[in-house]
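Asker: In terms of the working numbering, the sequence shown has 730 at position 715, counting the first letter as 1, and numbering is strictly consecutive.
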Amino acid sequence: MQMSRLLKALGAGVLGALALWGATACFNWGFTELSEARQIDRLPMTPIGTLAGGPYAVVGVIEAEGGMLEAPYSKASVVYVRYRLEEEYRDSDGDLRTRTLDSGERSALFQLIDHSGNVVVNPTLSTSQINWSVNETYRRRDGDLIYTEWTLRPGQSVELLGRYQSGDATMVFNNLDFNLPPTITDNNLKAEGGKSLLIAAALISLASGAASVGLALVLIAAQIHRFWIYVLTMTVVLVGYFWTMGVIHLERDWQRAAELYQTRAEAIEQAGSTEARQADLYAMRWLIERGAGQWPDRAFFDPIASERFPIPAGVDRDRQRVIGQELASEPVSRFEQAWLAWVITAAAIILGLIGMWIAIRAIKLKRLIEHLPTAKSTGLAYGMAELAGAIRVDDERPHVTSRLAQEPCVAYDFSIEERRGSGKKARWVTVESGGEQTPFWLSDDAGQATVYPDKADIDYPEKYRRREGRRRYTEHWLPYDRTAYCLGFAGLDRQHPDRLALQYEDGNPFLITTDDEDSVVRGKGALGFLLTSVSLGGFLLAGTALLAASGQLTPADLMITALIVPVFLLVYTAILHYNDLVFLKNRAEKAWSDINTVLQKRHNLWPSLQRSVEAYLNHETKLLEAIGQIRAARPDPDQTPDQVDERARFEHKLTRALQVRVEDYPDLKGNKVVEQFMQQMEESENYLALLRKGYSDAVEVYNTRSQSFPDVILARLFRFKAKQPFGIARQEAE
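1) Between the Cα of Arg481 and those of Glu490, Trp354, Lys379, Leu111, spot the shortest distance and give me the residue it belongs to.
2) DSSP three-state label for Gly725, please.
3) Classify Arg731: buried if its beta carbon has 16 or more other beta carbons within 10 angstroms, exposed otherwise.
4) Which first and last residues belong to the beta strand (DSSP E) in which Lys478 is found?
5) Taking the CB atoms as reference points, tell me whether Glu145 and Pro138 lie closer together than 8 angstroms.
6) What's the C-alpha gap between Arg1 and Ala377?
7) Are the segment 580–587 and the segment 719–731 touching, with three or more C-beta to C-beta distances below 8 angstroms?
8) In terms of DSSP beta bridges, what is Gly450 paired with?
9) Mapping the DSSP letters down to three states, classify Ser288 as helix, strand or coil.
10) Measuring only the C-alpha atoms, how far is Gln277 from Pro70?
11) Which partner residues of Asp472 appear in the DSSP bridge assignment?
12) Among Val134, Val233, Arg300, whose alpha-carbon lies nearest the alpha-carbon of Ala24?
13) Would you give the residue range spanned by the beta strand (DSSP E) that Ala737 belongs to?
14) By the 10 Å Cβ neighbour count, where 16 or more other Cβ atoms means buried, how is Val358 classified, buried or exposed?
15) Spatial neighbours of Ala280 within its chain, please: C-beta separation below 7 angstroms, excluding the five flanking residues on both sides.
16) Using 8 angstroms as the threshold, is the segment 342–351 in touch with the segment 201–209, meaning 3 or more CB pairs across them?
17) For His240, which option in Gly538, Asp317, Phe193 has the closest C-alpha, if you only look at C-alpha atoms?
18) Nearest CA to the CA of Glu80: which residue from Leu49, Phe46, Val134?
19) Going by the CB atoms, is the gap between Pro454 and Val444 shorter than 8 angstroms?
20) Whole angstroms is fine: what's the gap from Arg300's alpha carbon to Val74's?
21) When you compare each of Ala603, Thr198, Gly177 to Gly398 by their alpha carbons, which one comes out closest?
22) Where do the ends of the alpha helix (DSSP H) carrying Val233 lie?
23) Just grab the DSSP bridge partners of Leu402 for me.
24) Determine the direct distance from the alpha carbon of Ala564 to that of Leu213, and round the result to whole angstroms.
25) Looking at the structure shown, is Ser417 part of a helix, part of a strand, or coil, going by DSSP?
26) Write down the C-beta distance between Leu551 and Thr559 rounded to the nearest angstrom, noting that I regard them as a contact closer than 8 angstroms.
27) Spatial neighbours of Glu48 within its chain, please: C-beta separation below 8 angstroms, excluding the five flanking residues on both sides.
28) Using C-beta distances below 6 angstroms, list every residue in its chain close to Leu526, excluding the 5 sequence neighbours before and after it, in chain order.
29) Roughly how many angstroms lie between the CA atoms of Thr655 and Lys600, to the nearest whole one?
30) Pull up the CB-CB distance for Leu402 and Thr389, whole angstroms please, since I reckon it's below 8 angstroms.
31) Tell me, which residues are paired with Val74 by DSSP?
32) Using CA coordinates, which residue listed in Gln463, Arg497, Arg486, Ala40 is at the minimum distance from Asp474?
33) Whose CA, out of Lys738, Ala320, Ser131, lies closest to the CA of Ser711?
34) How about the segment 151–170 and the segment 80–100: do they share at least three Cβ pairs that are nearer than 8 angstroms?
35) First and last residue of the beta strand (DSSP E) that includes Met186?
36) Per DSSP, what kind of secondary structure is Asn133 in: helix, strand or coil?
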């Protein structure tokens, strides 16, 4: 057992380290994508006639330059073509599938023309490295064959991001650097930047989820299952992680921006400074400064603005104002397929909510186990309880035999499945399933108590499986003479109402496992940690996807998003603690309601008794007056525990006095009403004593929790009032 735990802890630690490494890789990749979009937004659309050297974004119309390409399927004259030949076929299961028979892409030199001039574009040096974002222009079916082409033709307008070589006046796409993606698109560059934003959002959210899962696994490996430690660690480490990585990447990003600006300024100086080139340089600076409008970008931009981003000397204030007005409406990169962003957001929120719901259930069960002391079999109190001991059977509580393995046990579950269909359509269909449970003894050093396992969540330790032909037989069972841990509701034994038994009750967990309590707590804690991490990643993805769709995904947004972590975990923890208080409050109120129910049943016995005994005991004036008094005093649900104590003691004394008097009258002693009354009063007194102990235990736990930090804050905020326990002195006196 110890070796198994050690291996599991080691495995969790290794997986945690891998998850943290993966988180760092995803964050670096995601911020690179974000930086690409930011760099695209920093480049103005430069008139072709003002190109000087280095990276540029330009827009123009395609014209042929020398030889053209012939598209393989449409036979059109093009400057770029990507083609694919596919075949539809039926697989062995009869499903329609598609396979690629041929594919490729080719490009040729072409001229790009705008109002200011023209430039030769040479994509042939790096065709496969260019991001070609081109619409489909040709599609034809011929039997099972599908011919598809994506082409660029003369006369089309395109936007491109490449490197201008002033030596041969050519736009190329290799060695672009500055974290700029070489791109040619018949749409627009901002849309391509929007795709990078969405990828960045997904990767950074994945990084946060992987980091939180990694931290959870490390805590699991360290045998730490306290939720407050998890919350504290997640808050400190993840916020610190996001901010540290964010600052590092922001510094690199602004370094690239400065190098990009200086490269263009130097190229203009070498090519010859003109008014148009100076205006283009200022437009670039204006866009760079616009991107630094928010904190923390402003903190990086301002200290180096005058040195690394000097305003071009040839652009006066009036010209600066005109350029600023022209660029004010220039859009930023944003993901144009808003519907897809909303689908991703909705899916991420659903994932987050499902993970959160399951995690809360796991952590609630863990906290319940931690709050309940392990009772002795002879010391059960009415209400939720936990027992640990050996499973025993005897003539009163016999075992059952499992259906398939024919093993003696106290519970089993089986299924018989049949494989139907073939190939990828084959599936297992359950043709028969079922199981059986029988009450058993749970024995400890103090005695034994009955457990009714029906409707329990049983962790079966034994498994049987065999396969015959197309059928698969599976069975799980719980053998006796095993040590077990049971968590359930201690209610009246169905066969012996004078004692309590562990059983199922609506709304309460019922667990039977051969693991020890510590293993159950660690397992539920681990599940809660991991699903909380998944939930956190889902909510972060939802937020960042919406930011990408709106074009507002900036480092500032990411660093602010990092603050969602402590807020989320704080709300999450508050929900858990609030649910704990509600559960403990309802537990105490349920016990109190059961006490009032018993008191009302006892009260209903007195009228018929009075009619039966008053003819025999008409000379017992005081006794009859007491019976009349107790009959008239109906139980009040709002009475205090002290008043319940007082009534119970009065009924007890009156019953004992009546019992003594009945012994003197043989006819009265044999009366069925009197006999039934005495029996029910005795049984209800035992039951009432059990209920009172259960109520006292429930009130003690509830009052302790509601007065402890941090629950006391929620208790005062939501007005959870302390419950009044039974008088200890009176309980001891009785």
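Idealized CB from N, CA, C, for every residue including glycine. As the structure is a prediction and not an experimental result, all values here were calculated from the model.
Answerer: On the basis of the coordinates in this document:
1) Nearest neighbour of Arg481 by Cα position, chosen from Glu490, Trp354, Lys379, Leu111, turns out to be Glu490.
2) For clarity, residue 725 is Pro in the given sequence; the question names Gly instead. Look at Pro725 here: in three-state DSSP terms it is coil, with no helix or strand label.
3) With a threshold of 16 other beta carbon atoms within 10 Å, Arg731 falls short and is exposed.
4) Counting along the chain, the beta strand (DSSP E) containing Lys478 begins and ends at 477–483.
5) It should be noted that the sequence gives Ile, not Glu, for residue 145. Taking 8 angstroms as the Cβ cut-off, Ile145 and Pro138 qualify as a contacting pair.
6) The structure shown has nothing for residue 1, since the chain only spans 16 to 749.
7) Output reads no: the segment 719–731 does not touch the segment 580–587.
8) In the DSSP assignment, Gly450 is bridged to Asp428.
9) Coil, per DSSP.
10) CA-CA distance, Gln277 to Pro70, rounds to 11 angstroms.
11) Partner(s): Leu526.
12) With distances taken between Cα atoms, Ala24 lies closest to Val233.
13) Unbroken run through Ala737: none, as it is neither H nor E.
14) Around the beta carbon of Val358, fewer than 16 other beta carbons lie within 10 angstroms, which makes this residue exposed.
15) So the qualifying residues of the chain are Leu296.
16) Enough Cβ pairs lie closer than 8 angstroms, so yes.
17) Answer by Cα proximity: Gly538.
18) Nearest option by C-alpha distance: Val134.
19) A distance of 8 angstroms or more separates the beta carbons of Val444 and Pro454.
20) CA-CA distance, Arg300 to Val74, rounds to 20 angstroms.
21) That would be Ala603, whose Cα lies nearest to the Cα of Gly398.
22) It spans 204–236 - the alpha helix (DSSP H) in which Val233 sits, taken as one unbroken run.
23) Checking the DSSP bridge columns, you'll see Leu402 partnered with Cys501.
24) Going from the Cα of Leu213 to the Cα of Ala564 covers about 7 angstroms.
25) Of the three classes helix, strand and coil, the one that applies to Ser417 here is coil, per DSSP.
26) A Cβ-Cβ separation of about 13 angstroms leaves Leu551 out of contact with Thr559 under the 8 angstroms criterion.
27) Contacts found: Ser211, Leu212, Ile214, Ala215, Leu218.
28) The answer, listed in chain order, is Asp472, Leu502.
29) If you take the alpha carbons of Thr655 and Lys600, they lie about 16 angstroms apart.
30) Indeed they touch by this definition, with Cβ atoms about 7 angstroms apart.
31) The partner list for Val74 (beta bridge, DSSP) reads Glu174.
32) Of Gln463, Arg497, Arg486, Ala40, the residue nearest in Cα terms is Arg497.
33) Comparing Cα-Cα distances from Ser711 to each of Lys738, Ala320, Ser131, the minimum goes to Lys738.
34) By the criterion of at least three beta-carbon pairs nearer than 8 angstroms, the segment 151–170 is in contact with the segment 80–100.
35) From DSSP, the beta strand (DSSP E) with Met186 extends over 185–187.
36) DSSP places Asn133 in strand when its eight states are reduced to three.
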